[in-house]
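Chains A and B are the protein sequences, given in the same order. The opening residue of the first sequence carries number 1 in this note's numbering; numbering runs sequentially from there. The opening residue of the second sequence carries number 1 in this note's numbering; numbering runs sequentially from there. C-beta: ideal position from N, C-alpha, C; glycine also. Accompanying notes for the structure given below.
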Amino acid sequence: MHSVPGDRLFGLALWGAALSVAAVFAWLFVDLARLGLGALSWDFITTAPENAGRDGGIASILVSTLLILGVAVGVAAPVGLGAAVWLNTYTRAGGGTGRRIRLALDGLAGMPSIVFGLFGNAFFSVYLGLGFSILSGGLTLAAMILPVFIRTVEAGLGAVDDGWRRGAAALGLTQSAALAHVILPAAAPAIGAGLMLGIGRAAAETAALIFTSGYVDRMPESLSDSGRALAVHIYDLSMNVAGGDTHAAASALVLVALVACANLLAVALSRRLLTRRLAL
Amino acid sequence: MKHTLTFLATLLAVLAFLPAAHAAEDKLVLTGSSTVAPLALEIGKRFEAANPGVRVDVQTGGSSRGVADAMNGLADIGLVSRSLKPVEAKTLVAHTIALDGVALIVHAGNPVRQLDDAQIKAIYTGRIRDWRGAGGPDRPITVVSKAEGRSTLELFLHYTGLKNSQVRAQAVIGDNQQGIKTVAGNPGAIGYVSIGAAEYAVEHGIPIRLLPMAGVAATTDAVQRGRFPLTRPLNLVTHGAPSPLAARFIAFAQSPAVRDLIEAQYFVPPPR
Numbered sequence: 001m002h003s004v005p006g007d008r009l010f011g012l013a014l015w016g017a018a019l020s021v022a023a024v025f026a027w028l029f030v031d032l033a034r035l036g037l038g039a040l041s042w043d044f045i046t047t048a049p050e051n052a053g054r055d056g057g058i059a060s061i062l063v064s065t066l067l068i069l070g071v072a073v074g075v076a077a078p079v080g081l082g083a084a085v086w087l088n089t090y091t092r093a094g095g096g097t098g099r100r101i102r103l104a105l106d107g108l109a110g111m112p113s114i115v116f117g118l119f120g121n122a123f124f125s126v127y128l129g130l131g132f133s134i135l136s137g138g139l140t141l142a143a144m145i146l147p148v149f150i151r152t153v154e155a156g157l158g159a160v161d162d163g164w165r166r167g168a169a170a171l172g173l174t175q176s177a178a179l180a181h182v183i184l185p186a187a188a189p190a191i192g193a194g195l196m197l198g199i200g201r202a203a204a205e206t207a208a209l210i211f212t213s214g215y216v217d218r219m220p221e222s223l224s225d226s227g228r229a230l231a232v233h234i235y236d237l238s239m240n241v242a243g244g245d246t247h248a249a250a251s252a253l254v255l256v257a258l259v260a261c262a263n264l265l266a267v268a269l270s271r272r273l274l275t276r277r278l279a280l
Numbered sequence: 001m002k003h004t005l006t007f008l009a010t011l012l013a014v015l016a017f018l019p020a021a022h023a024a025e026d027k028l029v030l031t032g033s034s035t036v037a038p039l040a041l042e043i044g045k046r047f048e049a050a051n052p053g054v055r056v057d058v059q060t061g062g063s064s065r066g067v068a069d070a071m072n073g074l075a076d077i078g079l080v081s082r083s084l085k086p087v088e089a090k091t092l093v094a095h096t097i098a099l100d101g102v103a104l105i106v107h108a109g110n111p112v113r114q115l116d117d118a119q120i121k122a123i124y125t126g127r128i129r130d131w132r133g134a135g136g137p138d139r140p141i142t143v144v145s146k147a148e149g150r151s152t153l154e155l156f157l158h159y160t161g162l163k164n165s166q167v168r169a170q171a172v173i174g175d176n177q178q179g180i181k182t183v184a185g186n187p188g189a190i191g192y193v194s195i196g197a198a199e200y201a202v203e204h205g206i207p208i209r210l211l212p213m214a215g216v217a218a219t220t221d222a223v224q225r226g227r228f229p230l231t232r233p234l235n236l237v238t239h240g241a242p243s244p245l246a247a248r249f250i251a252f253a254q255s256p257a258v259r260d261l262i263e264a265q266y267f268v269p270p271p272r
């Protein structure tokens, strides 16, 4: 087999594309590490912020972030799973209702996050009277990650071999039993992927949170307290606080680690909870 | 599936009972200017420490929001980083806690040492597009201005007598640090930012230079003495007379007990 010059060029371009993606990530990470690694320590993670975040740590902000993410995933996961199963099982292929809902979901998935922020502020904070609170922020994020989560899970459910469904029916399993023991476990990777996408997007969110969960950097005592998320903290430190760059970079490193951990956890959890049943 | 359902039920139960825990005891809500917010947050922490049981919640969103929230009662105190307009002053009362100057900055490599008011206007309206037109090198000017609703923009427009629709900017930015970073990264850029933040940036080796305004050097010292032309007050505003708790907070924020906090945020304590 001989290689044509055009072909070689094509291969080179593909290599270049792959390499530049990796290089961008490496550059970003090295830049963050160079600036922030010096400030990163156990104390940084366990003490409260002082002097507008220039001094002290991020303990309260980390707790708020975890609570906001917890509310968002805790609400989005069951609701999203239900909606995806409904779309997959109870709507006819090519039917009008399902198509319209899918279109709406795809539209919502592409919506800029500030739109969800304004919606969350108007609906959860003002109309439902939740005020600036971790709950408002978490519910806003749940609304934001639902569309992507539902569509990912639905695609996963659609990829499950129809033979499995027929097999379950032939064994006389009820629809819910077939779902719990056969279909959902088979779609576990898609559910894990949907959760990962959702957590990643939620953890990186600033615009949707600044008007819902707010700016207060005190340690939250309940879900009805306002609590500053890591992304909001990073934004404020780098754009609004003179001399906040070092701690912004250190906080960003913590956020990257947090998202990585949350992703691993989501994948492990969906595998463990769901594939165990498949093995029985 | 059963686990998921149990979880969902628990969650709904929690959600149902949460609003009950919402009743605020001694709580002050402050919203508004992102410039004032970090300072208000620090003053709030010290106030909380001195008054156990009191909570001060600070939220940002810009001076316009501070005015609106104070007017419609969403906030006990609005944060506004400019003087109140006559129409706002009919219903709102301003309590100044600090001063801040706004100065023009250019890249440190730019040989231009000063601009007169006519040149500033010409640059911001796009009549001078190259530094050659302002006594500098042959390099296009990148005009950096602020987004609508920012009080630095309003102050700048007031000083130059321009309307925002006349400004021809290549970059429209939000917060001070963003302005400093934009100018530091572009040898042809010109922008206007808070003097305190710019002084800090210069001290820490960020390549920008402050330009004098109307012949007065841009320093926090000149701001404090009231000599710098582009000076703005940082205000706490209330709808009419403040509530007793808000009044105590305002008195605390205007007392010498928070002077170090004002300086730590690179603002200027008002002369007493």
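Residue closest to residue 227 (chain A), alpha-carbon to alpha-carbon, out of A:181, A:243, A:133: Taking the first residue of the first sequence as 1, we reach residue 227 (chain A) at position 227. Taking only the C-alpha atoms, the option nearest residue 227 (chain A) is A:133.
Classification of residue 131 (chain B) by the beta-carbon crowding that lies within 10 angstroms, buried from 16 upward: The sequence position of residue 131 (chain B) within the second sequence is 131, counting from 1. Residue 131 (chain B) comes out buried.
Cβ contact check for the region 201-209 of chain A and the region 28-42 of chain A: 3 or more pairs under 8 Å: no
Selected residue, minimal CA-CA separation from residue 143 (chain A), among A:264, A:110, A:131, A:166: For the purposes of this step, residue 143 (chain A) is identified with residue 143 of the first sequence, where counting begins at 1. Out of A:264, A:110, A:131, A:166, A:110 has the C-alpha closest to the C-alpha of residue 143 (chain A).
Below-8 Å beta-carbon distance, residue 34 (chain B) vs any chain A residue: Here residue 34 (chain B) refers to the residue found at position 34 of the second sequence. True, the Cβ-Cβ gap to chain A drops below 8 Å.
8 Å Cβ cutoff met for residue 262 (chain A) and residue 234 (chain A): Walking along the first sequence from the start, residue 262 (chain A) turns up at place 262. Walking along the first sequence from the start, residue 234 (chain A) turns up at place 234. In this structure, residue 234 (chain A) does not lie closer than 8 Å to residue 262 (chain A) by Cβ.
Same chain, Cβ closer than 6 Å to residue 215 (chain A), neighbours up to 5 away in sequence not counted: Looking up residue 215 (chain A) in the first sequence gives position 215. Only 228 meet the Cβ criterion.
Residue 76 (chain B) at chain A interface by Cβ criterion, 8 Å: Translated into the one-based positions of the second sequence, residue 76 (chain B) becomes position 76. Not one chain A Cβ lies under 8 Å of residue 76 (chain B).
Coil, strand or helix - residue 58 (chain A) by DSSP: Within the first sequence, residue 58 (chain A) is the residue found at index 58, counting from 1. Of the three classes helix, strand and coil, the one that applies to residue 58 (chain A) here is coil, per DSSP.
Given 8 Å, three or more beta-carbon pairs between the region 248-268 of chain B and the region 88-101 of chain B: yes
Status (buried if at least 16 other CB within 10 Å, exposed otherwise) for residue 114 (chain A): Position 114 of the first sequence, counted from the start, is the residue given in the question as residue 114 (chain A). Flag for residue 114 (chain A) reads exposed.
Check whether residue 156 (chain B) and residue 200 (chain B) have beta carbons under 8 Å apart: On the second sequence, position 156 is the one that residue 156 (chain B) refers to. On the second sequence, position 200 is the one that residue 200 (chain B) refers to. Against a cut-off of 8 Å, the Cβ pair of residue 200 (chain B) and residue 156 (chain B) comes out as no contact.
Within 7 Å of chain B by C-beta, residues of the region 86-108 of chain A in sequence order: none
Three CB pairs or more closer than 8 Å across the region 207-222 of chain B and the region 61-80 of chain B: no
Chain A within 8 Å of residue 235 (chain B), Cβ atoms only: Here the question's residue 235 (chain B) lines up with position 235 in the second sequence. Taking Cβ atoms only, chain A never reaches closer than 8 Å to residue 235 (chain B), which makes this a no.
Chain B contact for residue 51 (chain A) (CB, 8 Å cutoff): Against the first sequence, residue 51 (chain A) aligns to sequence position 51. Output row for residue 51 (chain A): interface = yes.
Assigned exposure category for residue 235 (chain B) - 16 Cβ within 10 Å defines buried: Against the second sequence, residue 235 (chain B) aligns to sequence position 235. Buried: at least 16 other Cβ atoms inside 10 Å.
Integer Cβ distance of residue 189 (chain B) from residue 117 (chain B), believed to fall under 8 Å: Walking along the second sequence from the start, residue 189 (chain B) turns up at place 189. Walking along the second sequence from the start, residue 117 (chain B) turns up at place 117. Contact doesn't hold; Cβ gap of about 20 Å is too wide.
Touch test, the region 238-254 of chain A against the region 47-61 of chain A, Cβ-Cβ under 8 Å, three pairs minimum: yes
Those residues which DSSP pairs with residue 142 (chain B) across a bridge: Stepping through the second sequence from its first residue, residue 142 (chain B) is reached at position 142. B:189.
Euclidean distance between Cα positions of residue 265 (chain B) and residue 11 (chain A): Start at 1 with the first residue of the second sequence, and residue 265 (chain B) comes out as number 265. Start at 1 with the first residue of the first sequence, and residue 11 (chain A) comes out as number 11. Roughly 54 Å between the two C-alpha positions.
Partner residues on chain B for residue 238 (chain A), Cβ-Cβ distance less than 7 Å: Here residue 238 (chain A) refers to the residue found at position 238 when the first sequence is read from its first residue. Residues of chain B passing the Cβ test: 177.
Residue 219 (chain A) classed as buried or exposed, judged by whether at least 16 other C-beta atoms fall within 10 angstroms: To locate residue 219 (chain A), count along the first sequence from 1; it is residue 219. With fewer than 16 other Cβ atoms within 10 Å, it is exposed.
Residue environment, residue 280 (chain A), which counts as buried when at least 16 other CB atoms sit within 10 Å: Position 280 of the first sequence holds residue 280 (chain A). Here residue 280 (chain A) scores only 47 on pLDDT, less than 50, and its place in the model should not be relied on; the value that follows carries that caveat. So residue 280 (chain A) ends up on the exposed side.
Residue-chain proximity (residue 61 (chain B), chain A), Cβ-Cβ < 8 Å: Stepping through the second sequence from its first residue, residue 61 (chain B) is reached at position 61. So yes, residue 61 (chain B) belongs to the interface.
Straight-line gap, residue 145 (chain A) to residue 201 (chain A) (C-alpha atoms, nearest Å): In the first sequence, counting from the first residue as 1, residue 145 (chain A) sits at position 145. In the first sequence, counting from the first residue as 1, residue 201 (chain A) sits at position 201. Their backbone Cα atoms lie some 7 Å apart in a straight line.
Partner residues on chain B for residue 172 (chain A), Cβ-Cβ distance less than 8 Å: Locating residue 172 (chain A) in the first sequence gives position 172, counting from the first residue. Those within 8 Å of residue 172 (chain A) in chain B number zero; the least Cβ separation is about 18 Å.
Cβ neighbours of residue 76 (chain B) in the same chain (closer than 6 Å, five flanking residues each side left out): Within the second sequence, numbered from 1, the residue matching residue 76 (chain B) stands at position 76. The residues are 28, 29, 246.
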